[in-house]
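Peer 1: Provided herewith is a single structure, encoded as structure tokens, for subsequent inquiry.
Residue numbers (my numbering): 6 to 200.
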């Protein structure tokens with residue numbers, strides 16, 4: 006299929022599928038946040054002082070992904086940052102449902118985040134027999150089994166992440182990988198210096 010015809014076809018299918026049952030967005034918060042700092046350091050040459058101030062602008066991230074389409078739901082899964090409950094409450098003002106988990110008290114590592122992201126996607130498939138579009142912001146391949154299920158059930162799948170995402174995600178057949186590197190300055194900001 007010629008490039009422009011393919012582009013038109015893919016755009017038309019994407020619009021049709023998102024109108025069928027809307028756009029369902031799932032965000033792995035820790036994944037995008039930690040890797041945004043890596044992009045800042047490696048591509049924009051931020052020093053240590055700037056890197057620790059990089060934050061995600063979730064309103065701008067939503068707009069970048071939404072592209073005028075109707076969002077049926079937006080779920081963000083992550084670990085509770087220390088003393089930062091106001092952050093999670095602010096997400097609700099832009100239409101994001103945060104699902105927050107405490108880190109392990111022994112290891113300090115995340116618990117249950119990947120499992121919850123998988124469960125949220127599966128719940129969407131079960132609750133919506135008419136396919137739409139599943140968009141996911143993640144860079145690791147843990148979600149591939151859930152995304153395979155989406156494709157099998159006729160859903161359009163869009164994967165958003167930085168260039169350093171897993172090759173398995175970037176080459177996942179049946180999905181469209183969108184590189185967020187080009188949008189780095191739009192969807193991130195520097196937190197003000199605390200005095």
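Glycine residues also receive a C-beta, built at the ideal position from the N, C-alpha and C atoms. Computed from a predicted model, the values in this text were never measured in an experiment.
Check whether the Cβ atoms of residue 156 and residue 33 lie closer than 8 Å to each other.
Peer 2: Going by C-beta atoms, residue 156 is not nearer than 8 Å to residue 33.
Peer 1: For residue 139, name the three-state secondary structure that DSSP assigns.
Peer 2: Correct three-state label for residue 139: strand.
Peer 1: Rounded to whole angstroms, what's the CA-CA distance from residue 48 to residue 190? Just pull it up for me.
Peer 2: Taking the straight line joining both Cα atoms gives about 11 Å.
Peer 1: Taking residue 183 and residue 196 to be in contact with their CB atoms under 8 Å, please state how far apart those CB atoms are, rounded to whole angstroms.
Peer 2: About 25 Å; that fails the 8 Å criterion.
Peer 1: Return yes when the Cβ of residue 151 is within less than 8 Å of the Cβ of residue 28, no when it is not.
Peer 2: Contact: no.
Peer 1: Give the single residue among 35, 63, 95, 166 whose Cα lies nearest to the Cα of residue 194.
Peer 2: Selected option, being the one with the closest Cα: 63.
Peer 1: Pull up the distance between the alpha-carbon of residue 44 and that of residue 125, whole angstroms please.
Peer 2: Each residue's Cα considered, the two are about 28 Å apart.
Peer 1: Would DSSP call residue 103 helix, strand or coil?
Peer 2: Residue state, collapsed to three classes: strand.
Peer 1: Keeping to the same chain, check which residues put their C-beta closer than 7 Å to that of residue 99; ignore five residues upstream and five downstream.
Peer 2: Only 63, 64, 67 meet the Cβ criterion.
Peer 1: Candidates 70, 96, 185, 153: which alpha carbon is nearest residue 178's?
Peer 2: Residue 178 has its Cα closest to that of 153, out of 70, 96, 185, 153.
Peer 1: Which value, in whole angstroms, describes the spacing of the CA atoms of residue 221 and residue 135?
Peer 2: This structure gives no information on residue 221, because the portion of the chain shown stretches from 6 to 200.
Peer 1: In three-state DSSP terms, what is residue 154?
Peer 2: Helix.
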